[in-house]
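One structure is given here, and the rest of the page talks about it.
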Amino acid sequence: MNLKIKRLDHHGIVAGVIEDLQIVPLLDQYLPQDEKQEITPGEAVKGMIMNGLGFANRPLSLSPQFFTNLPLEHLFREGVKAEHFNRHKLGRTLDQCFDFGCESLFSLVSQQACELESVDKKFNSLDTTSHSLTGEYAFDDEDSDDNVIKITHGYSKAHRPDLKQVVQEIIVSQDGGVPLACKNWDGNSADTAIFKARSKALVSEFKKSAAPKYLVADCKLYHKANAEFLSLVKFLTLIPSTIALEKELIAESIADEQWVKINANYQYVVKKVEHMGIKQRWIVIYSSAANHRAAKTITRQVERAKVKVEKELFHLQAQRFACKTDAQRAADKIGKKLKYHQISDTQYIEHKVYEGKGRPKKDAEVKRIEWQVNAEIEENTIAIKQAVEQKSCFILATNIDEEELSPEEILKHYKAQSEVERGFRFLKDPLFFVSSLFIKKPSRIDALLMVMTLSLLVYSIAQRRMRANMKKVEATIPNQINQETAAPTLRWVFQCFDGINLLQQGDDYIYDQTYLDGLTELRQKIVNLIGGHAMHLYKIKKVT
Numbered sequence: 008m009n010l011k012i013k014r015l016d017h018h019g020i021v022a023g024v025i026e027d028l029q030i031v032p033l034l035d036q037y038l039p040q041d042e043k044q045e046i047t048p049g050e051a052v053k054g055m056i057m058n059g060l061g062f063a064n065r066p067l068s069l070s071p072q073f074f075t076n077l078p079l080e081h082l083f084r085e086g087v088k089a090e091h092f093n094r095h096k097l098g099r100t101l102d103q104c105f106d107f108g109c110e111s112l113f114s115l116v117s118q119q120a121c122e123l124e125s126v127d128k129k130f131n132s133l134d135t136t137s138h139s140l141t142g143e144y145a146f147d148d149e150d151s152d153d154n155v156i157k158i159t160h161g162y163s164k165a166h167r168p169d170l171k172q173v174v175q176e177i178i179v180s181q182d183g184g185v186p187l188a189c190k191n192w193d194g195n196s197a198d199t200a201i202f203k204a205r206s207k208a209l210v211s212e213f214k215k216s217a218a219p220k221y222l223v224a225d226c227k228l229y230h231k232a233n234a235e236f237l238s239l240v241k242f243l244t245l246i247p248s249t250i251a252l253e254k255e256l257i258a259e260s261i262a263d264e265q266w267v268k269i270n271a272n273y274q275y276v277v278k279k280v281e282h283m284g285i286k287q288r289w290i291v292i293y294s295s296a297a298n299h300r301a302a303k304t305i306t307r308q309v310e311r312a313k314v315k316v317e318k319e320l321f322h323l324q325a326q327r328f329a330c331k332t333d334a335q336r337a338a339d340k341i342g343k344k345l346k347y348h349q350i351s352d353t354q355y356i357e358h359k360v361y362e363g364k365g366r367p368k369k370d371a372e373v374k375r376i377e378w379q380v381n382a383e384i385e386e387n388t389i390a391i392k393q394a395v396e397q398k399s400c401f402i403l404a405t406n407i408d409e410e411e412l413s414p415e416e417i418l419k420h421y422k423a424q425s426e427v428e429r430g431f432r433f434l435k436d437p438l439f440f441v442s443s444l445f446i447k448k449p450s451r452i453d454a455l456l457m458v459m460t461l462s463l464l465v466y467s468i469a470q471r472r473m474r475a476n477m478k479k480v481e482a483t484i485p486n487q488i489n490q491e492t493a494a495p496t497l498r499w500v501f502q503c504f505d506g507i508n509l510l511q512q513g514d515d516y517i518y519d520q521t522y523l524d525g526l527t528e529l530r531q532k533i534v535n536l537i538g539g540h541a542m543h544l545y546k547i548k549k550v551t
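Okay, structure coming up:
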């Protein structure tokens, strides 16, 4: 008997979710088709997504090598081979995505996926990140297309100012961290400009929606240049600490002590203000955990400041001044700079200078009098306490009515901003699309970042579906240390599927003549929880 053995592993989950979301037919509907092509553009994108979610530590140019041992006819369709996913085909597909418009194409896929999965898009979390790149890029300033991103130096959130970069903006739903929109910007684009453009675009979109929608973002959203559009959307954001009113209201709240307790960690005070021409609620929130962190931070700052000021006083003591007033001014100049200390026990010592050299005689004439400063410092306990209390608080601002969103819900949904941060960590995983950004054309990098975000879409949908079904049936699975968990990461689930093989009889692929090896009871349970087309790929019959 002629047997072919291929590795299925977790790739059946990825292919199954892509099939459920109908990504391939949607892309093929909008991207140009060629009768002579072995695989369609939609299938090429599916292949790139599977490569990215394969965590195989291979760049995109080695996709044929990645697919060599996978059962492609089982995961795609009959006739699909590994060599079809060569760099020329994938490069042309990236060009087609760019020509159509990466932002528009992603929005079409995301909108369809959210409708199929009933994703709640009420709360939209917005943030940006930067992707560092190396090498030279085929970009001509004279013949450039305005739509092509510029790969250049800018503020690096990855702390690599030596490398060129591109900035990526993503909006995700707080329901499962599903990306709703993405756009790539020049490497030197500022967050304030990006947030302003996004706020302007969301105004009309939010108005079209029958259900209320809220924009959640960090403090870069709250900027006077963005006030015009902020007044037209319902927003929830953090107030920057650079705004004077923020410090005033925090100090006022601490002094009044009219806190409303949420739990052991958080308490709040609501302040109604009109700022930047917008009537808002500012929720001053005090965090016990932040207080503990602030105490440690301020203690370190106090110690560093003490060393610095003691050095200044040492040099001051070595100086001589022509009059006492000058000595007092020098001491006051240092004292005014002190934040956590204050000068105490200041002494002004008089030194007589005589004519001639050596020890003066009893009747020697005094040439002049010089003054020396001798001072000690002590901690300013009041200033230190105020600094700790100030850092223990932050202010969340919103123009959403209290009937729609209570202060407790505002805090909850702002903390859910971490969903977009998790998405960025996923996209920057070193095993995810490793070295793929060595592509030299900026337009293809733009398209590839869109495909990477499509991978995040597939990943988040699968994880959301699995966790929701686990909650529904109160199921758990073992985690990395063999303890039961009701909220596993899909990355861990992928690792649990290592070692599943598909056995095929004969040279021709026939679904009924394939068999799976390594499908344990736990793996069957997980596939049942994910459901959809993955059950067909793992040859599991639907059970309740």
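Numbering (the numbering used here), first residue to last: 8 to 551. All C-beta atoms in this analysis are idealised placements derived from N, C-alpha and C, irrespective of residue type, glycine included.
Asked: Do you know offhand how far Ala541's Cα is from Lys548's?; Found: 11 Å
Asked: Does the stretch 304-312 come within contact of the stretch 361-374, defined as at least 3 CB pairs closer than 8 Å?; Found: no
Asked: Going by C-alpha to C-alpha distance, which of Lys13, Val24, His17 and Leu15 sits closest to Thr468?; Found: Reading the sequence as shown, one finds Ile at residue 468 and not Thr. Ranking the options by Cα distance to Ile468, first place goes to Val24.
Asked: Looking at the structure shown, is Phe321 part of a helix, part of a strand, or coil, going by DSSP?; Found: helix
Asked: List the DSSP bridge partners of Asn195.; Found: Beta-bridge pairing links Asn195 to no other residue.
Asked: Would you identify the three-state DSSP class for His166, choosing helix, strand or coil?; Found: coil
Asked: Take every Cβ of the stretch 425-439, pair it with every Cβ of the stretch 278-290, and state whether three or more of those distances are shorter than 8 Å.; Found: no
Asked: What is the DSSP secondary structure of Arg14, reduced to helix, strand or coil?; Found: strand
Asked: Can you give, in chain order, each stretch of the alpha helix (DSSP H) that sits fully within the stretch 49-135 and has at least 4 residues?; Found: 70-74, 79-82, 94-107 and 109-124
Asked: What is the rounded straight-line gap between the Cα of Gln44 and the Cα of Val87?; Found: 11 Å
Asked: Starting from Ala371, follow the beta strand (DSSP E) in both directions and report where the run begins and ends.; Found: No beta strand (DSSP E) contains Ala371, which DSSP labels as neither H nor E.
Asked: Here's a check: name, in chain order, each residue in its chain whose Cβ is nearer than 7 Å to the Cβ of Cys100, leaving out the five neighbours to either side.; Found: Reading the sequence as shown, one finds Thr at residue 100 and not Cys. The residues are Pro48, Ala51 and Val52.
Asked: Tell me the rounded alpha-carbon separation between Gly59 and Ser462.; Found: 7 Å
Asked: Any idea if Ile3 is buried or exposed, counting beta-carbon neighbours within 10 angstroms, 16 or more meaning buried?; Found: For the chain, the structure presents residues 8 to 551; residue 3 sits outside this window and is missing.
Asked: Would you decide whether Gln72 is buried or exposed? Buried here means 16 or more other CB atoms lie within 10 Å of its CB.; Found: exposed
Asked: Can you name, in chain order, every residue of its own chain whose Cβ lies under 8 Å from the Cβ of Gly161, other than the five neighbours on each side?; Found: Ser137, Gln172, Val174, Asp193, Gly194, Asn195 and Ser196
Asked: Evaluate Gly184 with the Cβ neighbour count: other Cβ atoms within 10 Å of its Cβ, from every protein chain shown; 16 or more gives buried, anything less gives exposed.; Found: buried
Asked: In angstroms with no decimal places, state the Cα-to-Cα distance between Asp524 and His543.; Found: 15 Å
Asked: From which residue to which residue does the alpha helix (DSSP H) around Asp263 run?; Found: Ala251 to Asp263
Asked: Reducing DSSP to helix, strand and coil, say where His138 ends up.; Found: strand
Asked: Quick check: what's the CA-CA separation for Lys279 versus Val291?; Found: 11 Å
Asked: Which one of Ile384, Val240, Phe401 and Glu386 has the shortest CA to CA distance from Val276?; Found: Phe401
Asked: Please determine, among Lys207, Ala404, Val116 and Glu212, the residue with the shortest C-alpha to C-alpha distance to Asn233.; Found: Lys207
Asked: How far does the beta strand (DSSP E) with Ala224 in it extend, from its first residue to its last?; Found: Tyr221 to Ala224
Asked: Nearest CA to the CA of Ile537: which residue from Gln502, Leu510 and Leu497?; Found: Leu497
Asked: Taking only three categories from DSSP, how would you classify Cys503?; Found: helix
Asked: Residue range of the alpha helix (DSSP H) that Asp339 falls in?; Found: Lys331 to Lys344
Asked: CB-CB under 7 Å to Leu510, same chain, minus the five flanking residues each way: which ones, in chain order?; Found: Leu10, Ile12, Thr521, Tyr522 and Asp524
Asked: With a threshold of 8 Å between beta-carbons, can Gln326 be considered close to chain C, or not?; Found: In the structure shown, chain C does not exist; there is a single protein chain.
Asked: What beta strand (DSSP E) runs, 3 residues minimum, are completely inside the stretch 371-451?; Found: 373-386 and 400-405
Asked: Would you mind working out which of Ala493, Leu140, Leu239 and Thr135 sits nearest Arg474, comparing C-alpha positions?; Found: Ala493
Asked: Taking the beta strand (DSSP E) that Lys286 falls in, what are its first and last residues?; Found: Ile285 to Ser294
Asked: Mind checking Gln326: buried by the 16 CB within 10 Å criterion, or exposed?; Found: exposed
Asked: Mapping DSSP to helix, strand and coil, what is Ser216?; Found: coil
Asked: Here's the rule: buried if 16 or more other CB atoms are within 10 angstroms of the residue's CB, otherwise exposed. What is Lys96?; Found: buried
Asked: Measure from the alpha carbon of Ala382 to the alpha carbon of each residue in Glu362, Pro414 and His348, then state which is nearest.; Found: His348
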